[in-house]
Amino acid sequence: MSFDVSQVKRDFPIFQREIHGKRLVFLDSAASAQKPQPVIDALVRVYSQSYANVHRGIYTLAEEATAEYEQAREKVARFINASANEIVNVRNTTEGLNLLAYSWGEANIEAGDRIVVTEMEHHANLVPWQQLALRKHAELAFIPVTDEGELDLAALPPLLADGKAKLVACTMASNVLGTITPIKDVVRIAREAGAVTVVDAAQAAPHIAIDVKEIGADFLAFSGHKMCSPNVGILWGRHEMLESLPPFLFGGDMIRSVRKYDSCWNDVPYKFEAGTPSIAEAIALGAAVDYLTALGMDAIHEHEVQLVQYTMEQLADIPEVHILGPSAERRGGVVSFWMDCAHPHDIASILDEEGVCVRAGHHCAQPLHTRFGVQATARASFYVYNDEADVDALVAALRRVVKLLKR
Amino acid sequence: MSFDVSQVKRDFPIFQREIHGKRLVFLDSAASAQKPQPVIDALVRVYSQSYANVHRGIYTLAEEATAEYEQAREKVARFINASANEIVNVRNTTEGLNLLAYSWGEANIEAGDRIVVTEMEHHANLVPWQQLALRKHAELAFIPVTDEGELDLAALPPLLADGKAKLVACTMASNVLGTITPIKDVVRIAREAGAVTVVDAAQAAPHIAIDVKEIGADFLAFSGHKMCSPNVGILWGRHEMLESLPPFLFGGDMIRSVRKYDSCWNDVPYKFEAGTPSIAEAIALGAAVDYLTALGMDAIHEHEVQLVQYTMEQLADIPEVHILGPSAERRGGVVSFWMDCAHPHDIASILDEEGVCVRAGHHCAQPLHTRFGVQATARASFYVYNDEADVDALVAALRRVVKLLKR
Amino acid sequence: MNGDLYREQLLDHYHNPENFGVLEDPDIDITQENATCGDTIHLTAKLDDEGRISKVMFEGHGCVVSTASASMFTTEVLGKTPAEIEAMQLPDIQQMLGGVTLSMGRVKCAMLPLEAMKKGLQKLAKSA
Amino acid sequence: MNGDLYREQLLDHYHNPENFGVLEDPDIDITQENATCGDTIHLTAKLDDEGRISKVMFEGHGCVVSTASASMFTTEVLGKTPAEIEAMQLPDIQQMLGGVTLSMGRVKCAMLPLEAMKKGLQKLAKSA
Ligand SMILES: Cc1ncc(COP(=O)(O)O)c(C=O)c1O
Ligand SMILES: Cc1ncc(COP(=O)(O)O)c(C=O)c1O
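Written as structure tokens, this is what we have:
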């Protein structure tokens, strides 16, 4: 581990606050991450010094805002080894994936085609494809998940064999199981069969280094708010793929010219950015990328693997706790579990009294929970600011749950 | 005028900065408004003290964030005299209007139907309907604009007479002409003919009091970033209309339950808020609503009418300046003009040297510019922080343009 | 805040819920889902000749709050008319639970049985 | 920043542009739009037997920057080959304009004639 977690914690002003008189132990970063001071400062600086609408202004303020907005796009591009003109600013992963389902999907999916997803998808990478399939009378097929919480990759080739599969959409890391999927293999197998590939990187971009060239997919989406930034989403697409897509939202900025009865579109990526974008927020995402890059994406992943390892060791001592998913080295910083004696709601409520924030529910992955025969789980997720003391607080609070609810 | 503009100016930190050694004279609020300290503070406070993802958490931080997010929704509802469950958080006006074109449009527009818009629409309230009409082989019809820059209302009934018009989409205030349209009449006439009505309030919500009950339309959209807030858009719809719409974007939060092959939707307005919303930004919009409400929407409008009146008087002394649109009392705080001797780009560049920010171009209203036989205009737009000294700076700078470019 | 959620009274209902099970030949038979967590409650009920609730049973694996609420609710509503139940609101449920303070995230859990019952009564009224 | 944009040299070209008009029987005939403002430039050009630009004219009402750029460009490119024009970039245009500093918003104006010419040459190559 090559960064100083206690220093990192100090970078996040929220950790100065207490919850019910206890130290804040934030273990819900998979839902949304906290923001470091440099990111908050970027927002304040833009709004206090250089704010104006972008792209269409020729006065100094507008040019400053535009320059910063485009520099942030370049930072994001470098962060995933892409070109700036392949980076589309959207609201979040969800919008990015829906953009694809509408724009690519409407133009390319026909009755009888097959769309392949996995059993571990977040609803954001399932429901858009499910509804596209229903609209188009296409088939939706699932790569199953093994009991260990891994993708059953052997099930993919048969789904592609008849050539009907037009699209394979797969997450890079599960937000429930923590599983880091063999995304390069999924993409390679799918592309060999001629399918377009979409990667949900919402749980990957904040935690592990991403190289879109190495992954080789056609599209990849993630959310700034899960990586220390305000809410801006990124849709990356290979340039020729983005070029070939019809636009999704129509309005200002995405046009080249508008006449009463027809219009021409602007170049990629602007073709997909209709209306005023989230300017300061996109610039702040640039600051978040700088912050994470300075810590080092590999160091971040290593840090999280160590925390998960430690957590799984500690939890092994509480027999009422049952963890879903693979071993620590196969996953990102997510540990979901259920308890014999306690409903996840009660776990979350009792933990909150101790200042420990975990999420309870289906984490927007209902079919995955159904797969494992549970309705809901409690989830602890880690990020750059968490340390072993946070894990200790979690474990102590879980012991209190047992004490309170076990009879 | 019932508020102290010099105090208001001090509320906006950006006015402490200089441009080319000159005082910042910001006359581009119609593109996007500057942000007052209370709005910036709201962002900082949320990110430093109460940030977490909303709706699904049962720990204190998540509950605080959810409560604030929903309180902001209620503030916005009160601001336009609506109910909170009629307020959908989107990115901007553009997304709100596109949501309607996809969700309402795909379900309700058929070949041969007519969609009515006006010649003064911003591209955001034109291109989505134009493209819907093209997709569906429907007819697109325009309410013309008179030479004075007013809607030619007499042209509307004939467009509705044959009962083919299913939708009338109209702006409440033009972003180029400044014209405040007789929106209540437009809506009444359209509804009597059985058409659904959509109001683009992007240039109205920041400047004049809006009462959706009084307007009587079915849908209305506006953008927070034009009213002192970060970038969040609002789509309002009558509750039964929103209920009847199919969802637009699919993913987390908008579902009630998801199975592998089908899903059920959440209640309105959540049905339309897929994925993680812009939480802190929506809360900051609540702060912006508070700020504007404290100044008083009627006082804001009166202030702008006075500034426009003064501007038009002053500009009358520069014969090279030609203003588009109606007289001051019929418009919001927008003055677009062209000059005999100078292209709008040059106007904007030369004004910038004097610290004066105006926009040059077609302002995302190309068909309207075509209607007036000009390719581009320069636009000065006013807001709460502008005063007569700003107008004087504009006028002085325009005299410099004449001096420099007239031969 | 949640401190008093886990007091003995509620925990007793949680561990030994009353009226747990399914009625035969019910007048009301409804399943209601809590969208936040996917929890469901299955409620069956009978009305007497005057149209008052005479018997209620529930099923479903829920949290302490929803289980205790359901357990107490199935007794609380006996003898009530549909109109009286329609009029019940969050404060009534809170009082029923012994005056507990519910955080926002738990309100839905506590309200689940009441909501299910209201929906069941509406369905019944429609089918009559 | 923009101070030197409005120096005499550029203003002269703006007020009295060279090669303003339309060529008859041109080899290249292209209209290019500046998406920001809707400005268009209409460029016509002829190539000599060696494939070098021998004559260029332009039309269109533009700003000082685009007009001066077009005026100077129509002389600057005479005798150049398509490959040489393809290789021209922003710095060449800036130098052509007398070393002026262009703010971001004005770069598109200055580049409009060059972009139109490149597009016209590409069209010509395709049709050949
Ligand atoms: C009248 C009008 N409608 C719609 C819009 C689009 O707003 P946004 O870019 O926030 O979506 C604008 C803003 O430019 C506008 O002035
Ligand atoms: C794997 C995965 N995909 C997609 C999403 C959706 O992200 P957002 O809500 O930012 O659109 C999430 C976040 O909850 C996620 O964990």
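Residue numbers (this note's numbering), protein chains in the order written: chain Y, 3 to 409; chain X, 3 to 409; chain Z, 343 to 470; chain H, 343 to 470. The C-beta atom is built at its ideal place from N, Cα and C for all residues, glycine as well.
Are there any heavy atoms of ligand 2 lying less than 7 angstroms away from the beta-carbon of residue i, as far as the coordinates show?
i	result
residue 180 of chain Y	no
residue 366 of chain Y	yes
residue 280 of chain Y	no
residue 124 of chain Y	yes
residue 173 of chain Y	yes
residue 327 of chain Y	no
residue 254 of chain X	yes
Can you check which of these residues, the options, is closest to residue i by C-alpha distance?
i	options	result
residue 36 of chain X	X:347, X:293 and X:179	X:293
residue 123 of chain Y	Y:212, Y:371, Y:12 and Y:88	Y:371
residue 401 of chain X	X:350, X:364, X:363 and X:384	X:350
residue 426 of chain Z	Z:394, Z:467, Z:355 and Z:369	Z:394
residue 67 of chain Y	Y:226, Y:265 and Y:278	Y:278
residue 113 of chain Y	Y:134, Y:69, Y:119 and Y:130	Y:134
residue 260 of chain X	Y:9, Y:152 and Y:121	Y:121
residue 452 of chain Z	Z:404, Z:422 and Z:466	Z:404
residue 345 of chain X	X:355, X:404, X:305 and X:395	X:404
residue 357 of chain X	X:12, X:7, X:8 and X:29	X:29
residue 132 of chain Y	Y:171, Y:295 and Y:49	Y:171
residue 83 of chain X	X:217, X:111 and X:275	X:217
residue 286 of chain X	X:57, X:75 and X:375	X:75
residue 373 of chain X	X:152, X:49, X:303 and X:56	X:152
residue 77 of chain X	X:284, X:7, X:390 and X:363	X:284
Within the present structure, is the beta-carbon of residue i separated from the nearest heavy atom of ligand 1 by less than 7 angstroms?
i	result
residue 379 of chain X	no
residue 204 of chain X	yes
residue 127 of chain X	yes
residue 225 of chain X	yes
residue 96 of chain X	yes
residue 177 of chain X	yes
residue 362 of chain X	no
residue 33 of chain X	yes
residue 277 of chain Y	yes
residue 235 of chain X	yes
Compute the distance between the beta-carbons of residue i and residue j, then report whether it is under 8 angstroms.
i	j	result
residue 223 of chain Y	residue 98 of chain Y	yes
residue 316 of chain X	residue 214 of chain X	no
residue 438 of chain Z	residue 414 of chain Z	yes
residue 202 of chain Y	residue 127 of chain Y	yes
residue 188 of chain Y	residue 106 of chain Y	no
residue 353 of chain X	residue 399 of chain X	yes
residue 379 of chain X	residue 329 of chain X	no
residue 17 of chain Y	residue 301 of chain Y	no
residue 168 of chain X	residue 116 of chain X	yes
residue 237 of chain X	residue 263 of chain Y	no
residue 148 of chain Y	residue 332 of chain Y	no
residue 458 of chain H	residue 372 of chain H	yes
Against chain C, does residue i count as a neighbour if the rule is that its beta carbon must be under 8 angstroms from one of theirs?
i	result
residue 126 of chain X	In summary, chain C is missing from the structure at hand, where the protein chains are Y, X, Z and H.
Near-chain H residues of the segment 243-277 of chain Y (beta-carbon distance less than 8 angstroms), N- to C-terminal order: 257, 258, 259 and 268
Chain X contacts made by the segment 436-448 of chain H, where a contact means CB separation under 9 angstroms: 445, 447 and 448
Proximal residues, the segment 216-241 of chain Y versus chain X, C-beta separation under 9 angstroms: 225, 227, 228, 232, 233, 234 and 235
The segment 341-354 of chain Y: positions lying closer than 8 angstroms to chain X by Cβ: Listed in sequence order: 347, 350, 351, 353 and 354.
Selection of the segment 68-100 of chain Y by Cβ proximity to chain X, strictly under 8 angstroms: 93, 94, 95, 96, 97, 99 and 100
Selection of the segment 30-45 of chain Y by Cβ proximity to chain X, strictly under 7 angstroms: Flagged, chain order: 30, 33, 34, 36, 37, 42 and 45.
Interface residues of the segment 285-318 of chain X facing chain H [CB-CB below 8 angstroms]: Using a CB distance below 8 angstroms, no part of the segment 285-318 of chain X faces chain H.
Contact list for the segment 131-152 of chain X against chain H, Cβ threshold 9 angstroms: none
Near-chain Y residues of the segment 366-377 of chain X - C-beta to any C-beta below 8 angstroms: Cβ contacts with chain Y: 366, 368, 369 and 372.
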